[in-house]
Amino acid sequence: YFGMRPYITDVKVYFVRDGAAVEQCFEASRTNLMQTDYFTWGSYVNHKNLTVHPFESYEAVYLEFNTTGTFGMVYSNREKTALAVDAVRVLRDAYWGKGTITETLLRPGSWYKDEPTKNYGYDAEKAANIVAVSSGTVRLLYDKEDPVLSAAADTVKMQLEASGLKVQLKTTGGYDIALRRDRMTLMKAAQVVGKQDLLAAAETEDDIRAAAEQLDTYMNEELVVYNLFFLTQAAVTGYGIEGEMTPGDWNGYGGIEELYMQTEEETASNTVGAEGGAAQ
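First residue of the sequence shown? That's 4 in this note's numbering, and the numbers climb one at a time after it.
See the structure below:
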């Protein structure tokens, strides 16, 4: 389909029940290539005979303000929140620091967006000096089933409390701030902030870039959402696989045509006694 044939001519396909079974097949060297989920690939980084091929995903972790509530409707409250949250610390605590920090929902490195947006940044002293208006207890909503958000919520709560806010973590119901994770295409970003009209009339690439710039400016100035980071994802190749992949968010197996395999005899000799091997 992509016009390139891989060096590998024979492929065996196994049907398995779930993601855990995929990992078991890979770790037992029954399979040789794996597209990992968000929390798996980091555990393979230091394995001697495995190669991790990371790429920047479109998965954004961000704060969404309830602008109809007493806390979220006040811009200074939203600004205080943005200044109080150290995205670098949240990323480290929730996801090993593997991601790209940016303050809007436009992913840096996209064809319509080059550099990360920087306007607020972490400033604990400035955040503490902004007096919250009609805040009471700030309700921070998150999905407890999402391991990234569950870990991030504790750090965000701690930082908001350090700025002088009283924070209640919630997993259901109403909220003042929602901690969310979602795949953030340009259209999805426009939908989140209710600005689909900016893209509606865009026909050429220049039109789309201009609309993206307007959307970026709007998110910066109005602060109805405050993005923290985009997650890094990865594909992992195992024993006997040689060559460098170039995966991406739209094709997790990009560059597979450049991979080649050792013979079974070479693979066996390289895995015997290997330190940190996946099967061990």
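The C-beta atom is built at its ideal place from N, Cα and C for all residues, glycine as well.
The beta strand (DSSP E) enclosing residue i, as first and last residue numbers
i              : result
lysine 83      : Not the beta strand (DSSP E): lysine 83 falls in the alpha helix (DSSP H), residues 78-87.
leucine 1      : With the chain running from 4 to 283 in the structure shown, residue 1 is simply not present.
alanine 135    : Taken as a continuous stretch (DSSP letters only), alanine 135 belongs to no beta strand (DSSP E), as it is neither H nor E.
isoleucine 180 : 180-186
C-alpha gap between residue i and residue j, whole angstroms
i             : j              : result
alanine 193   : asparagine 52  : 43 Å
aspartate 219 : methionine 187 : 13 Å
leucine 94    : methionine 7   : 37 Å
tyrosine 10   : threonine 249  : 16 Å
lysine 160    : tyrosine 242   : 42 Å
arginine 184  : threonine 240  : 27 Å
alanine 31    : asparagine 49  : 17 Å
glutamate 261 : glutamate 245  : 9 Å
alanine 144   : leucine 66     : In the sequence on display, residue 144 carries leucine and not alanine. Roughly 10 Å separates the two Cα atoms.
proline 57    : alanine 238    : 6 Å
glutamate 278 : methionine 37  : Per-residue confidence for glutamate 278 stands at a pLDDT of 39, beneath the threshold of 50, marking its modelled position as unreliable; no derived number is given.
valine 134    : lysine 169     : 13 Å
serine 113    : asparagine 132 : 36 Å
Classification of residue i by the beta-carbon crowding that lies within 10 angstroms, buried from 16 upward
i              : result
tyrosine 101   : The question names tyrosine, but residue 101 is lysine in the sequence shown. By the neighbour-count rule (16 or more Cβ atoms within 10 Å), lysine 101 is buried.
asparagine 254 : exposed
aspartate 89   : buried
valine 275     : Per-residue confidence for valine 275 stands at a pLDDT of 43, beneath the threshold of 50, marking its modelled position as unreliable; the derived number appears in the next sentence. It counts as exposed.
serine 137     : exposed
Where the alpha helix (DSSP H) containing residue i begins and where it ends
i             : result
glutamate 163 : Contrary to the premise, residue 163 reads as leucine rather than glutamate in this sequence. Its alpha helix (DSSP H) spans residues 150-165.
inquiry  = For the region 114-127 against the region 170-178, do three or more pairs of beta-carbon atoms, one drawn from each stretch, fall closer than 8 Å, so that the two count as touching?
reply    = Under the three-pair Cβ rule at 8 Å, the region 114-127 does not count as touching the region 170-178.
ask   = Which parts of the region 191-252 are runs of the beta strand (DSSP E), unbroken and 3 residues or longer, counting only runs that do not cross its ends?
value = Within the region 191-252, the beta strand (DSSP E) runs of at least 3 residues that lie entirely inside it are, in chain order, 228-240.
task = Any chance you could list the beta strand (DSSP E) runs of at least 3 consecutive residues sitting entirely within the region 56-128, in chain order?
result = 102-104
task = Determine, using beta-carbon pairs with one atom in the region 70-84 and one in the region 205-214, whether at least three such pairs fall under 8 Å.
result = no
query = In chain order, which continuous runs of the beta strand (DSSP E) of length 3 or greater are located wholly inside the region 9-38?
reply = As far as the region 9-38 is concerned, its whole beta strand (DSSP E) runs of at least 3 residues are 36-38.
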